[in-house]
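Visitor:
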Amino acid sequence: MQILTLDNGGASLEFTARETPAVLESLKRAGAVRSEQGACYDAFSLAGEQIVFYFEWDEPCLIANTPGGVALLRRLAADLDHLRAA
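Going by this note's numbering, the first residue of the sequence shown is number 298, and it counts up by one from there.
(1) I'd like to check one pair, A361 with I348: are the Cβ atoms closer than 9 Å?
(2) May I have the straight-line CA-CA distance separating A327 from L369, to the nearest angstrom?
(3) What first and last residue would you give for the beta strand (DSSP E) that runs through L343?
(4) Starting from L359, trace the alpha helix (DSSP H) both ways and give me its first and last residue.
(5) Give the DSSP-derived three-state secondary structure of L321 in the structure shown.
(6) Cβ of L377 within 9 Å of Cβ of S309?
(7) Rounded to whole angstroms, what's the CA-CA distance from K325 to T302? Just pull it up for me.
(8) Under DSSP, the beta strand (DSSP E) around A308 begins and ends at which residues?
(9) At which residues does the beta strand (DSSP E) containing L301 begin and terminate?
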């Protein structure tokens, strides 16, 4: 699992398909609410920010394009790292 910085200042939390259930559970624990569902993405609203769960070609990721969304991705990644270490 890693966070990549995007050219637009946003970020992408990259993870494996195997990690998807844990990532979605982490979103749920954080209070995320699905706000839109597309063919290969789900948009979630969390703390006033939009985070997109994108799944294509077995390479899932969460994308945020605002500073607040990027901070949320970093907190989610830290939460997931903590759970894996436990």
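Note that CB positions come from ideal geometry on N, CA and C, so glycine has one too. Here the structure is a predicted model, which is why all the values come from computation and not from measurement.
Guide: In this structure, then:
(1) Yes, these two residues count as a Cβ contact at 9 Å.
(2) Approximately 9 Å, taken between the alpha carbons.
(3) For L343, the enclosing beta strand (DSSP E) covers residues Y338 to L343.
(4) That residue, L359, is in no alpha helix (DSSP H); its beta strand (DSSP E) goes E356 to A361.
(5) The three-state reading of DSSP puts L321 in helix, counting H, G and I together.
(6) At least 9 Å separates the beta-carbon of L377 from that of S309.
(7) Cα to Cα, K325 sits roughly 24 Å from T302.
(8) Per DSSP, the continuous beta strand (DSSP E) segment holding A308 begins and ends at A308 to E311.
(9) Segment Q299 to T302, the beta strand (DSSP E) holding L301.
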